[in-house]
Amino acid sequence: MDNTYSYDGNYIATCEHNGFLHFSSNIIQKEAIIEMKKTRNKTKINLLKATLFGLIIFGMLALAVTASSTYQLTLAKGTDVLTVNQYDDADWKSTVNASTNPSFWFEGDTNIAGAKSKTTILGWNDIAWQTWDAFISLFMSEYFSFEDLIIILNIMDNIGYNETTINANYTDSYNLWYGVRAVWNFTDGAYLEQPSYTEDILVFKDPLDFKTILDDYNTIAAELSGFIQLAGFNFPNLTADDFLWHFALNGFAVASPRPAYLTELINELGCVNVSASGSTLVFERSGETNYVVEITYGKEGTISSFTVKDVGESVIFQIISTNSEWIFYLILVILVACGAGLVAFIVITRRKPKK
């Protein structure tokens, strides 16, 4: 008999067994496919979650300005370009000073709209100053020429006012980040090959230090005035407004978060005609008439814009910088938009029906 058509029980069992294996194999394959799809979906969901989480964290780090309990340095090596965005000579002379132009504050062709300057931050270091260091660096070098400074220091030493005695009598110390940058003067032409000069960048770690520094200076200046007046010199007594104005034009930079830093600085100094608004210092000044100077500090803590306005809010003079905060937020918006596009692509790809 042909075994193919045999009803032998072993054959039937064998057929049933083979059918079960084939059926089981199909089930296993289908389950594997389903599991692979689930895994792919989970991977997409996890990627989506990771992308959204990354965007949220980046936004929090970029936009939060009051979360830090201590101030942080935000200087970065690189070159910053400043441009004279606007200048009205007639308004300057009728409002600020009839015999000067902006080059009185910024060297070079700052009286020409479109003129540019560049600064390159070369580096910085953590240092500690004693009272003598602050006295010489912030005040003496600001108000006296190098030749006059040598004469005054000699007079001071002869009457017992030298580094050793001043630091012994005024024992405060100040921690700061001390940076150096190369500066090319404003020009409406090509930059010189070499920088016009180098300049200090001073970022005090504690804005409350400024009050102590100013008070100690005024005390020492009062003690010395009688002696140096005999040689034809005089130490000016400085108000908080005067001190901050001169410092703002000569190397002052701020730590982050900038709004909190500037607010604490203004409140501690007790300024009368200077206020802080966000990352901007607002100086109310008087020249030919009253005017306002707004100095905004960008993401690196250095000047990002410098604007002179009359009392009617008309702009007389303005410098803007590549360190401007709006550029930072433009980059942030671009990054967020790219992230949103990536998320949309993942969602659309996930929902697209399979052929």
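Taking numbering that gives the first Met the number 0, the leading residue of the sequence shown gets 0, the next gets one more, and so forth.
Backbone N, C-alpha and C define an ideal beta-carbon position, used for all residues, glycine too.
Here the structure is a predicted model, which means the values were calculated and not measured.
1) Please name the residue or residues paired with Thr301 in a DSSP beta bridge.
2) Which one or two residues does DSSP pair with Glu198 in a beta bridge?
3) On the CB-based measure, 16 or more other CB atoms within 10 Å of its CB, does Lys76 come out buried or exposed?
4) When the Cα atoms are used, what is the spatial distance from Asn289 to Asp309?
5) Can you tell me where the alpha helix (DSSP H) holding Leu152 begins and where it ends?
6) Just how far apart, CA to CA, sit Asn84 and Gly113?
7) Evaluate Thr94 with the Cβ neighbour count: other Cβ atoms within 10 Å of its Cβ, from every protein chain shown; 16 or more gives buried, anything less gives exposed.
8) How far does the beta strand (DSSP E) with Lys115 in it extend, from its first residue to its last?
9) For Phe134, name the three-state secondary structure that DSSP assigns.
10) Let's test the definition: count the other Cβ atoms within 10 Å of the Cβ of Tyr196 and tell me whether it reaches 16, buried, or not, exposed.
11) Can you tell me whether Thr82 is helix, strand or coil according to DSSP?
12) Excluding the 5 residues preceding and the 5 following Asn166 in the sequence, name in chain order all residues of the same chain whose CB lies nearer than 8 Å to its CB.
13) Just grab the DSSP bridge partners of Ser408 for me.
14) Quick one, are the C-beta atoms of Thr366 and Gly300 less than 7 Å apart?
15) Which value, in whole angstroms, describes the spacing of the CA atoms of Pro194 and Phe226?
16) Taking the C-alpha atoms as reference points, what is the distance between Ala339 and Phe138?
17) Assign Lys92 to one of three DSSP states: helix, strand, or coil.
18) State the DSSP-derived secondary structure class of Ser102, mapped to helix, strand or coil.
Well, looking at it:
1) None, per the DSSP bridge assignment.
2) As DSSP reads the structure, Glu198 sits in a beta bridge with Arg180.
3) Per the 10 Å Cβ criterion, exposed.
4) Near 7 Å, if we compare the C-alpha coordinates of Asp309 and Asn289.
5) Taken as a continuous stretch (DSSP letters only), the alpha helix (DSSP H) holding Leu152 covers Phe145 to Asn157.
6) CA-CA distance, Asn84 to Gly113, rounds to 6 Å.
7) By the neighbour-count rule (16 or more Cβ atoms within 10 Å), Thr94 is buried.
8) Lys115 -> beta strand (DSSP E) spans Lys115 to Gln129.
9) Under the three-state reduction of DSSP, Phe134 is assigned to helix.
10) Of the other Cβ atoms in all chains shown, fewer than 16 fall within 10 Å of the Cβ of Tyr196; this residue is therefore exposed.
11) Thr82 falls in the strand class under three-state DSSP.
12) Same-chain partners within the cutoff: Gln129, Thr130 and Trp131.
13) Residue 408 lies beyond the range of the chain shown here (0 to 354); nothing can be said about it.
14) In this structure the chain extends from 0 to 354, so residue 366 is not present and cannot be described.
15) Straight across, the Cα-Cα distance linking Pro194 with Phe226 is about 39 Å.
16) Approximately 52 Å between the Cα atoms of the pair.
17) Looking at Lys92 - three-state DSSP - the assignment turns out to be helix.
18) Here Ser102 sits in helix by DSSP.
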